[in-house]
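Comments concern the structure below.
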Ligand SMILES: [Zn+2]
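Below, the structure written as structure tokens:
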């Protein structure tokens, strides 16, 4: 009985604050929920790009690398995950759907809606 209690997940819809710093900290907490959800569903993850340092990639609005000029990776509001199941690396957007829909259900923006399936972010000033 107790064990069952601890296995029940709280599926929390987050309130997304407006300010960048507050939003970054909520984003990080949400990513924790996404990671836990993924492993509960039998997936495993490694980090792809998370923060893209503007010293390398250019300030926001400046294209200094492969990154888009206004990428939310530069704002600490996006993470790309490499997805695995049963040891197999899954690369298709559709492979990410279960995680993407979970991410949306807690308040996030899933890149699968714009052909970037492994990208999990929070919208900020029109950037996703
Ligand atoms: Zn990304």
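Numbering (our numbering), first residue to last: 1213 to 1340. Even glycine gets a Cβ: it sits at the ideal position worked out from N, Cα and C.
Distance check between residue 1235 and each of 1278, 1289, 1329 and 1279 places 1289 closest, using alpha-carbon atoms only. In terms of Cβ geometry, residue 1228 and residue 1291 do not form a close pair [threshold 7 angstroms]. Contact between the stretch 1313-1323 and the stretch 1238-1257 is present: three or more C-beta pairs spanning the two stretches fall below 8 angstroms. At a cut-off of 4 residues, the continuous stretches assigned as alpha helix (DSSP H) that sit fully inside the stretch 1241-1310 are 1266-1269. Rounded to the nearest whole angstrom, the C-alpha separation of residue 1334 and residue 1252 is 23 angstroms. The beta carbons of residue 1282 and residue 1273 sit about 6 angstroms from each other, so the pair counts as a contact at 8 angstroms.
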